Amino acid sequence: MNEEPASRSLSRRTLLKRVIQGLGVTFALGHVIPRVMAEAGGVSKNEADHLIVHVARPLDAETPVQEFVSYLTPNSRFFVRSHFGPPPAEPLSDPNWRLSVSGLVDRPLTFTLQDLKQFEEVTLTAVVQCSGNGRVFHRPKVPGVQWERGAVGNAQWAGVRLRDVLAQAGMQTKGRHVQFQGADRPVVATVPLFIRSIPLEKALHPDTILAYEMNGRPLPLLHGAPLRVITPGWMADSCTKWLTDITVQAEEAKGYYMQTAYRVPTTPVEQGIAARGQSIPVEAMVVKSLIAAPQEGETLKSGPVSIQGVAWGGEVKVAKVEVSLDEGKTWETARLVGEDHPYAWRQWQLVWKAKTAGTFTILCRATDDHGQTQSKTSPWNPSGYLWNGWDRVTITVAA
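Just so you know, we're using my numbering here: the sequence shown kicks off at 392 and counts up by one.
Now the structure itself:
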């Protein structure tokens, strides 16, 4: 998605402000306390909290990073990303909703939500992250939603295994890819549909699920109700929301969102130059860590300071997290705390003894159990995907 002109973005934000104020909802610059979002997303008004809104229509909003002191990201505070916005709720409501499975299968099938719930239910905790999370930090700047640090979240997902559904349809041997399509549609018919596919190996993995619950509650509309794909360890572009169609096919999905968007070059690209040559779809996440506390610009008293954050490695586990307070000259290993599950993030903590007054920059970096460590900056690419440079927060210690 290309960045909107400033005038258009401003007018949309002003319009949203007026609509929300007319409904009696508090508005703060750059943030929305989203009763409208809460009602659309299936969470109570009291649970709705601030998200940082980048685009109002369709809604693209990220989570303030201080929310990540919590292991699970609440539904009402989970980042929101879509290309066209959610479809009307009525066709998606049970019993109206249907899931079609077709293509290279022996028995094309149609499922209701209750049909799907006859399969064995599985529950897993997994990070879901937009491929463009951190795009704003790429230099030179790249187009697209200027995500900062919070287009990510960690949630518990419940649903059924995709492979069980495919097995009932009877996959044919020529099938090598599984394509997904949701009920969302562009306003203009000439705009391509959001269609993605994943290789058969990932589709048949026992941890790839069709999720109908998020953090113990029915999936909210903003997050794909009634059914979405969860490909744990992979970026969110493969986690199709509002799922209605599964197609088994011999080749990768066609169309803009598979063959042009959500791809990265196979070889390094000169900064600021359009990619040429071969590219591959964005798939697995790269190792990454974030500082959740203290917050950027915070003023603290001298003495013990608890530095907290989260780290994740996609399909591999986090082995360690390190913190630096001297621009990366020296590093101290943080303590991994809390729950430890595949595909979920690890919480970490380090107590720093702030002895002198002044301004300090806290850096963090993570290493996964395959030995991959975050670099100071990420390799540049024309779409700004997969940023995993060191995270940094500047704070002040008062005299």
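Glycine included, every Cβ here is placed at the ideal spot set by N, Cα and C. Keep in mind that this is a model prediction, so the values were computed, not measured.
Beta-bridge partners of residue i, as assigned by DSSP
i, result
"Trp633", "Answer by DSSP bridge pairing: none, since Trp633 is not bridged."
"Leu591", "None, per the DSSP bridge assignment."
"Pro478", "DSSP output for Pro478 lists no bridge partner at all."
"Trp722", "In the DSSP output, where bridge partners are listed per residue, Trp722 has none listed."
"Glu730", "Bridge partners of Glu730: none, in fact."
"Cys755", "Val714, Asp782"
"Gly866", "This structure cannot speak to residue 866, because the chain is shown only from 392 to 790."
"Lys744", "Pro695"
"Met676", "DSSP output for Met676 lists no bridge partner at all."
"Ser493", "Thr638"
"Glu604", "Ala549, Pro609"
"Arg619", "Ala602"
"Met562", "Val496"
"Phe502", "Leu490"
"Asp451", "Val446"
"Thr750", "Thr787"
Assigned secondary structure, residue i (DSSP; H/G/I helix, E/B strand, else coil)
i, result
"Pro465", "coil"
"Gln547", "strand"
"Gln572", "strand"
"Glu458", "helix"
"His596", "coil"
"His614", "helix"
"Leu777", "coil"
"Thr787", "strand"
"Gln763", "coil"
"Lys442", "With the sequence shown as reference, residue 442 is identified as Leu, and Lys is not the correct amino acid for it. Of the three classes helix, strand and coil, the one that applies to Leu442 here is strand, per DSSP."
"Val701", "strand"
"Gln520", "strand"
"Phe528", "helix"
"Ala627", "helix"
"Arg737", "strand"
"Val582", "coil"
"Val536", "coil"
Contact check, residue i vs residue j, beta carbons under 8 Å
i, j, result
"Leu500", "Val492", "yes"
"Asp575", "Ser670", "no"
"Val828", "Trp739", "Outside the shown range of the chain (392 to 790) lies residue 828, about which nothing can therefore be said."
"Leu595", "Arg554", "yes"
"Ala652", "Val660", "no"
"Lys368", "Ala757", "As displayed, the chain neither begins before 392 nor continues past 790, which places residue 368 out of reach and without an answer."
"Thr791", "Gly573", "Residue 791 lies beyond the stretch modelled for the chain, which goes from 392 to 790, so this question has no answer here."
"Leu777", "Ser766", "no"
"Gln640", "Gln563", "no"
"Ala735", "Val518", "yes"
"Glu642", "His568", "yes"
"Phe792", "Val728", "Only positions 392 to 790 of the chain appear in this structure, which leaves residue 792 out of reach."
"Leu515", "Val551", "no"
"Leu691", "Ile786", "yes"
"Ser693", "Ala748", "yes"
"Pro733", "Asn606", "no"
"Thr622", "Thr599", "yes"
"Val730", "Tyr462", "For the sequence presented, residue 730 should be read as Glu rather than Val. Contact flag set, yes."
"Gly624", "Glu718", "no"
"Ala627", "Cys521", "yes"
Of the listed residues the options, nearest to residue i (C-alpha basis)
i, options, result
"Glu674", "Asp506, Thr787, Glu592", "Glu592"
"Cys630", "Arg619, Gly668, Gly624", "Arg619"
"Pro482", "Ala616, Ala627, Ile753", "Ala616"
"Asn487", "Trp781, Gln505, Pro477, Met649", "Gln505"
"Pro773", "Thr638, Leu727, Gly535", "Gly535"
"Val444", "Arg540, Thr787, Pro590", "Arg540"
"Leu584", "Gly476, Ser484, Trp538", "Gly476"
"Ile664", "Phe470, Glu706, Val582, Trp771", "Trp771"
"Ala546", "Asp451, Gln537, Arg468", "Arg468"
"Gln699", "Trp722, Lys708, Arg737", "Arg737"
"Gly780", "Pro656, His441, Arg526", "Arg526"
"Val709", "Gly719, Glu687, Ala684, Val677", "Val677"
"Pro478", "Leu612, Ser522, Asp485", "Leu612"
"Gly523", "Lys508, Ala452, Val460", "Ala452"
"Val446", "Arg783, Trp538, Ser588", "Trp538"
The ligand SAH heavy atom lying under 7 Å from the CB of residue i
i, result
"Val714", "No copy of the ligand SAH appears in this structure; indeed no ligand is present at all."
Discussion item. If contact is defined by three or more beta carbon pairs under 8 Å, each pair taking one atom from either stretch, is the segment 439-459 in contact with the segment 553-567?
Written reply: These segments do not touch.
Worksheet item: Three or more C-beta pairs closer than 8 Å, one from the segment 746-760 and one from the segment 712-721: is that the case here?
Response: Yes, the segment 746-760 is in contact with the segment 712-721.
Discussion item. Quick test of the definition: if touching needs 3 or more C-beta pairs under 8 Å, does the segment 527-536 touch the segment 568-588?
Written reply: Because the criterion of three Cβ pairs below 8 Å is not met, the segment 527-536 and the segment 568-588 do not touch.
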